[in-house]
Amino acid sequence: MIDASWTHESHLIAKDRISRPGVKLVLADKINPVLLAFDSLTQKVIGTLQLDPAEHYPDFGHYSAPQFSFDYSTADTIPRTEQIMLGLISVDPLHQSRGIGRQLVEAGLKHARESLGRKQAVVYVLFQRKELREWYQRVGFVDYGEKRPYPDAANVKQDDVHFSVLRLDL
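Residue numbers (my numbering): 1 to 170.
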């Protein structure tokens, strides 16, 4: 599901952000929920969404580089213990543009709100991926202009690759 879809980042990032063994570890994690979408005929996994409590990221929101400074008074930020991070979001290319990604995100947001007691969802999207930022905004996320550095600068293919942080109150 990595580079065959309408939405991939191989032109920006030199290697996959997660390896196959890394995906297996995430799926085996009993603490952080991973929602899966299955093909009803083959029962194969066709989509994933990981929900990860924001407090698992100790440096979340703390960057000293001037290009990543941010006036938090412009965003509806709340304590990390009330936020959920969305990650490992993917839909098999053969099943895209059918609403599966939206269904996964909506189910994840509902679970985060109702079962985990979270009040805000946060997603990091590569700034250069305008179509993804727009997709999340159509789902309801807000882009307040908050930026975060890409964590593995040695593997970027162009200058100024960074994340936009989008938020959605639950």
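Don't be surprised by glycine CBs; every beta carbon is placed ideally from N, CA and C.
In the three-state scheme derived from DSSP, where H, G and I count as helix and E and B as strand, G101 is classed as helix.
Across the structure, G47 and L94 are spaced so that their CA atoms are roughly 11 Å apart.
A direct Cα-Cα distance of roughly 5 Å separates L170 from Q120. Between F163 and L41, the alpha-carbon positions lie close to 36 Å from each other.
No Cβ-Cβ contact shorter than 8 Å links L88 with G108. For V139, the uninterrupted alpha helix (DSSP H) run begins and ends at K130 to V139, by DSSP. One alpha carbon belongs to H56, the other to V142, and they sit about 22 Å apart. A Cβ-Cβ distance of about 5 Å is found for the pair V125 and L132, placing them in contact under the 8 Å criterion. Non-local C-beta neighbours of L49 in its own chain, meaning closer than 6 Å and more than five positions away in sequence, comprise L35, I89, L104 and G108, ordered along the chain. Just so you know, the alpha carbons of S115 and L166 end up roughly 22 Å apart. No Cβ-Cβ contact shorter than 8 Å links A37 with Q83. Taking 8 Å as the cut-off, the Cβ atoms of L25 and A112 do not count as close. Secondary structure of L51 (DSSP, three-state): strand.
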